[in-house]
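Protein chains in written order, with the working numbering: chain X, 86 to 357; chain F, 352 to 681.
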């Protein structure tokens, strides 16, 4: 990998472009606790970027900073070559950043279809008047977006549960529906917070396949947090390693695997 | 057919229609409770305020006339014009929507992430404020509201059913009640359709379900709150018109909110169909009880029947008929 090049082609033939998002010297504090300290890294267009680290390393905080739930005290966030002003999470979502959550945050009372339809909200523009009479633009918009959602449903192979309220679905499927909701937004950047947490081997394989397919078919840029090292090393192009809120490694899976600091952080190091 | 049987049917029919009127008030509570978890104590006063505004506009009353006269020694009373009913209804709706904006701007926005009880207290304050503000704006005397709906017993039905039994004078059903029922049913049907088949409806349900997830898909909570309070204002206006036409626009109108409470306990705080069915059960229940048992225990059972029924429900099914079951993991 060449970090300075504008774009390059991976071994499996995908093109990785210029940075979509750049985090520059991000510091996030909660009172006296420093959750993230002076962290910089970038996410390139079309790549799968993993953020890993032991428990409490600040991975989820990092994702929450990108998505706007947390506002860092210091540092800059650049998105598509522009410095981002402090924004509300819903404004960031409208900019094209979608996410999933570690502890599934679906709309439990709503059907799979309706949940995924909410992912289209940022793309739907008709005003309340047309919606109220449900004719003309509103009807057309509804069916156009419905087509996209049906495509996502086919892609994730969840046709059978379209009408089921998601609260009744098993855990693995809920995770998949949540991915569907994020995908429906056709995001420029997709954030996945532990997409495979709590899954069995089979479900993990399915999910890995979906993540790779999403990246491959739609060219979606993905940043993900994951605990399962095997999975991370298999699917990601580059990996950032955090420990106690500091960045201790950044590079391809091979580079990270051989980084002494990373090995120490994961296996512990003898203090002598 | 026996006389008692026919009377029972009449009682049930009247009960159903009264029940729908209760549902209309309960509906406003459910809308706001679902979307923001706030029990809006001011819902009844909102209905009163909406009805007062409507009457004031219809009569061409000068808002704050009394206040202005006292301060400046003028003798304002009425504008030289009267606003046609339809236009006045639209304007009253506009006022309620403006009110929703103000509630979001000056109350909800400052109470984000507070406990529900804090928000509840805020709505109590809001209720008293609106009550006083309404009086100041339109005067506190009892007003007659006429929006052109027919009133009094339905003659056709009465004559058509007369003589069905020995000594039966025909069903007495109030025209206004029938209209109110029809309008309430149409209102509920369109609300349900709106929330199921439009993007804003979907956003409303999403916010009701999970705030954080709603933010992450690009829903602005503030605009949803404005929409929900506007909808509740709209429902309050409809309820205000119906109850106002029935019993005059006066302070006691705001107390119908108290009748909505047992309806909510029966139907569940989070269910729109629940509000409807709950209202009907209470309407029919209290009328039937009064009709059949009332005479033996001295009558006036309608005053307490609903509350006792709600109390029984609280013991055996606290989430109501349609409410979401509250399960807490330990």
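All residues carry an ideal CB built from backbone N, CA and C; glycine is no exception.
Local Cβ density within 10 Å of residue 546 (chain F), reported as buried at 16 or more and exposed below that: buried
When F:442, F:404, F:557 and F:531 are compared against residue 491 (chain F), the one with the closest alpha-carbon: F:404
Inter-stretch contact at 8 angstroms, needing at least 3 Cβ pairs: the segment 409-419 of chain F / the segment 660-676 of chain F: no
Interface flag, residue 216 (chain X) vs chain F, CB-CB below 8 angstroms: yes
Short-range partners of chain X found in the segment 475-486 of chain F, where Cβ spacing is below 8 angstroms: none
Segment contact flag, the segment 126-142 of chain X with the segment 319-330 of chain X, C-beta cutoff 8 angstroms, min 3 pairs: yes
First through last residue of the alpha helix (DSSP H) which encompasses residue 538 (chain F): 526-548
Residue 340 (chain X) to residue 350 (chain X) span [Cα, whole Å]: 15 angstroms
C-beta neighbour in chain F for residue 194 (chain X), strict 8 angstroms: yes
Rounded Cβ spacing between residue 765 (chain F) and residue 368 (chain F) (contact assumed at less than 8 angstroms): With chain F running from 352 to 681 in the structure shown, residue 765 (chain F) is simply not present.
Simplified DSSP state of residue 273 (chain X), which is helix, strand or coil: coil
Simplified DSSP state of residue 628 (chain F), which is helix, strand or coil: helix
Per-residue burial, residue 495 (chain F) [other beta carbons within 10 Å of its own, 16 or more giving buried]: exposed
Cβ-based neighbour list, residue 586 (chain F), same chain, cut-off 6 angstroms, excluding 5 preceding and 5 following: 378 and 379
Chain X contact for residue 353 (chain F) (CB, 8 angstroms cutoff): no
7 angstroms Cβ shell around residue 259 (chain X) - same chain, five flanking residues per side excluded: 189, 191 and 251
Cβ-Cβ distance between residue 177 (chain X) and residue 149 (chain X) below 8 angstroms: no
Touch test, the segment 476-484 of chain F against the segment 388-404 of chain F, Cβ-Cβ under 8 angstroms, three pairs minimum: yes
Nearest-angstrom Cβ-Cβ length linking residue 442 (chain F) and residue 399 (chain F), presumed shorter than 8 angstroms: Rounded, the Cβ-Cβ distance is 17 angstroms, inconsistent with contact.
Members of the segment 371-400 of chain F near chain X, C-beta cut-off 7 angstroms: none
Residue 228 (chain X) classed as buried or exposed, judged by whether at least 16 other C-beta atoms fall within 10 angstroms: exposed
At least three beta-carbon pairs within less than 8 angstroms, the segment 514-529 of chain F to the segment 540-554 of chain F: no
8 angstroms CB neighbourhood of residue 112 (chain X) in its chain, flanking five on each side removed: 119, 121, 122, 123, 124, 157, 158, 159 and 160
Residue 328 (chain F) at chain X interface by Cβ criterion, 8 angstroms: Residue 328 (chain F) lies beyond the residue range present for chain F, which begins at 352 and ends at 681; the question has no answer from this structure.
Interface residues of the segment 276-293 of chain X facing chain F [CB-CB below 7 angstroms]: none
Simplified DSSP state of residue 292 (chain X), which is helix, strand or coil: helix
The beta strand (DSSP E) enclosing residue 120 (chain X), as first and last residue numbers: 118-129
Top-ranked residue by Cα proximity to residue 573 (chain F), from F:427, F:373 and F:456: F:456
Residues of its chain near residue 556 (chain F), where Cβ-Cβ distance is below 7 angstroms and the 5 sequence neighbours each way are ignored: 546
For residue 147 (chain X), three-class secondary structure by DSSP: helix
7 angstroms CB neighbourhood of residue 87 (chain X) in its chain, flanking five on each side removed: Note that residue 87 (chain X) has pLDDT 44, beneath the 50 cutoff, so the model's placement of it is unreliable and the number below is only indicative. Correct list, in chain order: 93.
Cα-Cα separation between residue 95 (chain X) and residue 287 (chain X), rounded to whole angstroms: 27 angstroms
Positions along the segment 561-583 of chain F whose CB lies within less than 7 angstroms of some CB in chain X: 561, 563, 564, 566, 567, 568, 569, 570 and 571
Short CB-CB distance (under 8 angstroms) between residue 175 (chain X) and chain F: yes
Bridge partners - residue 264 (chain X), DSSP secondary structure assignment: Paired residue(s): none; residue 264 (chain X) is not in a bridge.
Beta-carbon proximity check, residue 327 (chain X) vs residue 117 (chain X), cutoff 8 angstroms: no
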